[in-house]
Structures are given as C-alpha cells and as structure tokens.
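Below: the structure, in structure tokens.
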C-alpha cells in the first residue's frame, strides 16, 4: 500500500533503488547509444585503416587548397558549435529560456554550415570523377568506398543532430521538454564533434598529397 | 540525481581555443615529411588527446560520477582494442588463400 502510494506520488521507478550513475535515465540512455555508436565508428575507421595500409598505391588526392583548408574550416565550425551547445546547456540549467534558444539557434546554424561545407567538398570530388566505386586516377577504388562511407555516416549524424536540435528547441520553448533534454542532446552533439576529431586526421590528413 | 556545479563559460572558451589549436598542429605535422606510420601515430595521439579533453569537459565526464567514465569509456576502448587484435587476422587469412 505504501509502495503504491509512493509510486502514484512520484511516478514509476520512485520506489526503486537510485541509479549508481547518479544521472537521469535519458542521459544514461544517451551514454549507452554513444558507446555503441563509438564502436560502430571505431569499426569502420579500423576497417579503413587496414585497407589503406594493405593496399599498394593508395591515392592521396587531397591538396592543401581546397580540401585540407576546407577540412580545417569544417573542424573549426564543428568545435565552435560544441561551444555554443555548452552555452545552450548552461542557459537551460539556469532557466534562461531566451538565451538558451539563441545558443541552440547558433548551434543549428553552425551544424548547417558544416553540412554545407561537407557537401561542397563531396561535389568537388564528384566533379573530379571520384565516386563510391570509381577512382579517376585509375588506382584502387576502395578509397572512394571508404571515404564516402565514413564521411557519409558522419554527415548523417550531423544532419540527424540538426533535426534533433530543432525538435528540442521547439519542445523547450513550448515547455514540452526540459533542460535535461537539452543536456542529453548536447551530449550527442559533442559526440558528433568527437568523431570528427578522428575522421579529419585519419581520412583527410593521412590522404593529403605531400 | 546528482546536482553538480557546471564550470564557467570562461573555462569552456579556454578549452575551445586549445582544441582549435590541435587540428592546426595536425596539419603542420602532416607536411613535415614524416613516414606514413610515424604520421599516423602522431595524428592518433593528438586525436586521442583532443577527444579526451572533449569527453572530460564538453561531455562533462570530469564532473559526473567516476563510474560513468570507467564503465563507458573503458568498455569502448576495450572493444576497440579487441577489434585491433582481430583485424590483422584478415591478412593471415588472405595469405592462407581462404575466402
């Protein structure tokens, strides 16, 4: 009877023991997703690295300008979007809703800029004749397959993140969602940034024309 | 739930500037004429440092309970290390002529 009353008063789970992690369940769930996604990216980056090491005459098509320069700008944009996301989380925790919306807007904008720069790089490569299974230099075709797969999966994460941020911004503004949702989405956004910290050196810099 | 104090934005801005420098160093090293293996090792070290800082500060692991760091980060690193043990086996199988 007492347990039923406690459950009714505080919702399901109120009578259970506290989480050993000391975080909200949605944050814990996001960490579980991040761990599994990190392993996914790890697997494809390992696969790419072994293919690259084991394939003679692996192409190195990236010149400093425009590709590496573009990659540096993309990195700076994504890192800056992580900073604006931190601003959004801090504002949400402090209950400053208008400020949080501004930070979220800036994060969405920077994410869109990153995606646009990414697509510009892709179309530049398409123009040069690169494709999933095509190498315009006549060398191994696996470069295109690995490059477009890895960067494509990352781009998909960025686009998903932008959509999630838009939903969170609308939800938070209308009080349908709370600051915990902003923080949890922020974790995802930082993870997308973190993955790029490996993609840029491994996929771009290791294939820079030197 | 734990209610931990968030670090000030000033600290985050300092970390952001530091993180911005790392890709610059990576690009600098790329054009220094290192061998492929040496460059790969250097870039990976820098990437892990960058990711570690992002995990601790941006993703708040420094301020959450240590069990979160140990259970998630270490388990992911363990899986990745195990992957690294298994991938080279593909080369052995190729040399054996197995398909």
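Chains as they are written, first to last, in the working numbering: chain D, 2 to 211; chain F, 21 to 119.
Cβ atoms here follow ideal geometry from the backbone N, Cα and C, with glycine treated the same way.
{"Item": "Less than 8 Å separating the beta-carbons of residue 89(D) and residue 111(D)?", "Value": "no"}
{"Item": "What residues in the segment 96-116 of chain F bring their beta carbon closer than 8 Å to a beta carbon of chain D?", "Value": "96, 99, 100, 103, 104, 107, 108, 110, 111"}
{"Item": "Ignore the nearest five residues each way along the sequence and tell me which others in residue 63(D)'s own chain have a CB closer than 7 Å to its CB.", "Value": "69, 205, 208, 209, 210"}
{"Item": "DSSP beta-bridge partners for residue 135(D)?", "Value": "132(D)"}
{"Item": "So, is the C-beta of residue 43(F) closer than 8 Å to a C-beta in chain D?", "Value": "yes"}
{"Item": "Give the interface partners of residue 36(F) over in chain D, defined as CB-CB distance under 9 Å, in chain order.", "Value": "80, 81, 83, 84, 87"}
{"Item": "Compute the Euclidean distance between the alpha carbons of residue 109(D) and residue 125(D), then round it to the nearest angstrom.", "Value": "24 Å"}
{"Item": "Out of 135(D), 145(D), 122(D), 138(D), point me to the one whose CA is closest to residue 75(D)'s CA.", "Value": "122(D)"}
{"Item": "For a contact meaning CB atoms closer than 9 Å, what does residue 55(F) contact in chain D?", "Value": "Simply none; closest approach about 11 Å."}
{"Item": "Residue 87(F) touches chain D at which residues, Cβ-Cβ below 7 Å?", "Value": "21, 22"}
{"Item": "Residues in the same chain with beta-carbon distance under 8 Å from residue 54(F), minus the five sequence neighbours each way, listed in chain order, please.", "Value": "62"}
{"Item": "Just to confirm my understanding: we take residue 88(F), look at its own chain, exclude 5 residues before and 5 after, and list those with CB closer than 7 Å. What are they?", "Value": "81"}
{"Item": "State the Cα-Cα distance for the pair residue 47(F) and residue 199(D), rounded to the nearest angstrom.", "Value": "13 Å"}
{"Item": "In whole angstroms, what is the alpha-carbon distance linking residue 109(F) and residue 93(D)?", "Value": "49 Å"}
{"Item": "For a cutoff of 8 Å on Cβ pairs, would you count residue 201(D) as touching chain F?", "Value": "yes"}
{"Item": "With DSSP as the reference, label residue 54(F) as helix, strand or coil.", "Value": "coil"}
{"Item": "Which residues in the same chain have their Cβ closer than 6 Å to the Cβ of residue 132(D), if we skip the five residues on either side of it in sequence?", "Value": "145"}
{"Item": "Using a Cβ cut-off of 7 Å, pull out every chain D residue sitting near residue 51(F), in sequence order please.", "Value": "211"}
{"Item": "So residue 31(D) and residue 188(D) are supposed to be a Cβ contact under 8 Å. How far apart are they, rounded?", "Value": "5 Å"}
{"Item": "Could you give the DSSP three-state label for residue 116(D): helix, strand or coil?", "Value": "helix"}
{"Item": "With DSSP collapsed to three states, give me the class of residue 95(D).", "Value": "coil"}
{"Item": "Listing by chain order, which chain D residues have their CB less than 7 Å from the CB of residue 67(F)?", "Value": "198, 199, 202"}
{"Item": "What in chain D is Cβ-close to residue 76(F), meaning under 9 Å?", "Value": "Within chain D, no residue comes near residue 76(F); the closest Cβ sits about 11 Å away, beyond 9 Å."}
{"Item": "Does the beta-carbon distance from residue 116(F) to residue 74(F) come in below 8 Å?", "Value": "no"}
{"Item": "Within the chosen definition, does the segment 84-102 of chain F reach the segment 26-44 of chain D through at least 3 CB pairs nearer than 8 Å?", "Value": "yes"}
{"Item": "Does residue 105(D) come within less than 8 Å of chain F when only Cβ atoms are used?", "Value": "no"}
{"Item": "Give the DSSP bridge partners of residue 192(D), in chain order.", "Value": "In DSSP, residue 192(D) forms no bridge with anything."}
{"Item": "Could you check whether residue 152(D) and residue 191(D) sit closer than 8 Å to each other, using their CB atoms as the reference points?", "Value": "no"}
{"Item": "Throw me the rounded Cβ distance for the residue 26(F) and residue 91(D) pair, which I believe falls under 8 Å.", "Value": "6 Å"}
{"Item": "Per DSSP, residue 63(D) is paired with what?", "Value": "209(D)"}
{"Item": "Can you give me the Cβ contacts of residue 86(D) inside the same chain, cut-off strictly under 6 Å, excluding the 5 residues immediately before and after it?", "Value": "108, 187, 190"}
{"Item": "Measuring only the C-alpha atoms, how far is residue 104(F) from residue 150(D)?", "Value": "20 Å"}
{"Item": "Would you say residue 32(F) lies against chain D (beta-carbon separation less than 8 Å)?", "Value": "yes"}
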